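Here the structure comes first, spelled out in structure tokens, and everything after it is commentary.
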Amino acid sequence: MPLLAEMEMNGVLLDRALLNEMSSSIGADMLRLETEIYNAVGHDFNINSSQQLATVLFAELGLQSGRKTQSGYSTDATVLEALADAHPVIKFILEYRQLSKLKSTYTDALPMLVNPRTGRIHTSFNQTGTTTGRLSSSEPNLQNIPIRGELGSKIRQAIIAQPGWLLLSADYSQIDLRALAHISQDAELIATFQRDEDVHTHTASEVFGVPDSEVTPKMRRAAKTINFGVIYGMSGYGLQQATDLTREEAELFISTYFSRYPGIKSYIEDTKKQAAKLGYVQTVLGRRRYIPEINSTNRLAREAAERMAINMPVQGTSADIIKIAMVELHRQMIKRDMKTRMTLQVHDELVFEVLPGELEAIKQLVQDIMPNAMKLIVPLKIDIKVGKNWGDMS
DNA sequence: AACTAGGCT
DNA sequence: GTATAAGCCTAGTTG
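Here is the structure:
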């Protein structure tokens with residue numbers, strides 16, 4: 265029996281042959297990279313050890329060390345990327361790291377978690393594991409299956425429907441920013457969604473002072489970073505780190521953003537004040553998160569608490585919305601005695617394993633229920649895709 | 001068990 | 001002077 269705090273859903277099927285083949289080919293690539301790395305460095309060492317790697321890079325090769333961790337110099341991807349032109353071994357290490365992650369966490373691990381009785385993977389969806397109201401997923405975590413890059417997308421293709429069936433994915437479009445528009449009541453952000461515009465393009469247009477039609481990909485990318493950054497309480501420094509802007513440009517970018525979206529600025533200020541006064545913040549539905557550190561005399565601790573306070577109502581409201589949709593969808597599927605099953609939730613996305621004869625019915629249900637799960641001041645939109653696996657859908 | 005790193009939304 | 005973007009889970013290394 266699962267704990268009350270877990271949902272045991274139907275499980276998903278794996279293309280084991282695909283994963284097997286990927287494990288082998290990744291393993292072969294890693295061996296090649298290993299040799300390249302040892303040659304470039306002049307000796308063997310454990311590439312998986314960040315400690316040993318730091319010694320090699322910063323003490324032996326004399327590369328410029330950067331950020332420090334608690335125990336020494338960081339060798340994470342942002343540090344290595346900055347060193348990519350300084351020594352040929354860096355690119356090999358970055359590639360090795362990527363392959364190592366995908367192999368150990370996914371292509372090797374997933375097949376071992378197939379239940380011999382059902383032939384499926386049964387993750388646990390933990391309902392009490394987060395501070396914001398999101399679900400989490402474990403053993404295995406099916407909420408962090410790779411999607412980026414050729415290999416990532418290939419791993420996702422290994423999550424398949426049973427023969428003759430289909431997977432349907434329905435994801436909310438920009439749900440966090442729509443929740444933010446609702447909570448903050450910012451006029452400009454509300455108008456963007458009411459006009460059904462591309463939110464990142466529109467932010468770029470506002471901040472750079474050009475028409476939407478003249479927003480370049482680079483401008484849109486910067487706007488996207490700030491749109492997400494705002495939800496997380498990002499600083500000028502943080503924006504600078506995440507983009508190729510200078511510190512001054514980043515500061516200006518943020519202050520311009522707040523002048524164009526004054527409701528967002530007030531939301532952030534009001535939320536910090538409310539949290540300090542009450543000791544908690546809450547979602548639209550009243551789900552609370554207590555944040556005792558909000559009044560800490562330690563500035564770092566207090567500022568971290570402020571960012572949590574800013575983020576929780578947004579992330580938590582999105583979680584409330586998709587949970588309502590899940591409950592209602594489940595009810596309606598039972599009522600219609602459908603064979604189609606809800607199989608995964610990934611924060612703003614639901615995945616169903618669909619009997620083809622029920623495809624139109626489930627599409628209709630999803631389209632009726634998800635956008636109407638909660639009435640916000642802006643519309644909720646979803647995108648629906650269908651395919652034989654989770655990797656290529658249209 | 002703590003730490004580092006990296007996968008996802 | 002210092003650190004600086006929310007929420008998770010898993011794997012490998014180290015002591």
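Using this note's numbering, you'd call the opening residue of the first sequence number 265 and step up by one each time.
Don't be surprised by glycine CBs; every beta carbon is placed ideally from N, CA and C.
Bear in mind the structure is a predicted one, so any value in this text is a computation, not a measurement.
Taking 8 Å as the limit between beta carbons, can you name the residues of its chain near residue i, skipping five residues before and five after?
i, result
"residue 558", "536, 539, 540, 543, 566, 569, 570 and 573"
"residue 465", "476, 479, 484 and 487"
"residue 355", "348"
"residue 320", "305 and 309"
"residue 648", "432, 433, 434, 627, 630 and 631"
Work out the CA separation of residue j and residue i for me, nearest whole Å.
i, j, result
"residue 316", "residue 379", "38 Å"
"residue 586", "residue 327", "47 Å"
"residue 457", "residue 500", "26 Å"
"residue 367", "residue 470", "43 Å"
"residue 636", "residue 429", "27 Å"
"residue 384", "residue 277", "5 Å"
"residue 610", "residue 406", "8 Å"
"residue 335", "residue 496", "27 Å"
"residue 659", "residue 506", "Only positions 265 to 658 of the chain appear in the structure, and residue 659 is not among them; the question remains open."
"residue 440", "residue 342", "26 Å"
"residue 460", "residue 554", "35 Å"
"residue 281", "residue 313", "31 Å"
"residue 468", "residue 532", "21 Å"
"residue 619", "residue 608", "16 Å"
"residue 638", "residue 646", "13 Å"
Can you tell me which of the three DSSP states residue i falls into?
i, result
"residue 341", "helix"
"residue 368", "helix"
"residue 470", "helix"
"residue 560", "coil"
"residue 356", "helix"
"residue 384", "coil"
"residue 541", "helix"
"residue 612", "coil"
"residue 279", "coil"
"residue 517", "helix"
"residue 392", "coil"
"residue 605", "strand"
"residue 661", "The requested residue 661 is not part of the displayed model; the chain covers only 265 to 658."
"residue 555", "coil"
"residue 411", "coil"
"residue 325", "coil"
"residue 567", "helix"
"residue 402", "strand"
"residue 416", "helix"
"residue 644", "coil"
"residue 447", "helix"
"residue 460", "coil"
"residue 529", "helix"
"residue 523", "helix"
"residue 437", "coil"
"residue 509", "coil"
"residue 636", "helix"
"residue 284", "helix"
Given a cut-off of 9 Å on the beta-carbon distance, is the pair residue i and residue j in contact?
i, j, result
"residue 616", "residue 432", "yes"
"residue 613", "residue 425", "no"
"residue 603", "residue 622", "yes"
"residue 274", "residue 606", "yes"
"residue 409", "residue 283", "no"
"residue 642", "residue 442", "yes"
"residue 297", "residue 359", "yes"
For residue i, I'd like the list of residues in its chain whose CB is within less than 7 Å of its CB, leaving aside the five on either flank, ordered along the chain.
i, result
"residue 293", "363"
"residue 268", "Low confidence applies here, because residue 268 scores a pLDDT of 45, under 50, leaving its location unreliable; read the following figure in that light. Nothing meets the Cβ criterion."
"residue 583", "396, 397 and 398"
"residue 579", "396, 398 and 440"
Using C-beta distances below 6 Å, list every residue in its chain close to residue i, excluding the 5 sequence neighbours before and after it, in chain order.
i, result
"residue 592", "633"
"residue 548", "581"
Label residue i either buried or exposed according to how many other C-beta atoms from any shown protein chain fall within 10 Å of its C-beta, with 16 as the threshold for buried.
i, result
"residue 279", "buried"
"residue 398", "buried"
"residue 446", "buried"
"residue 654", "buried"
"residue 590", "buried"
"residue 438", "buried"
"residue 450", "buried"
"residue 295", "exposed"
"residue 556", "exposed"
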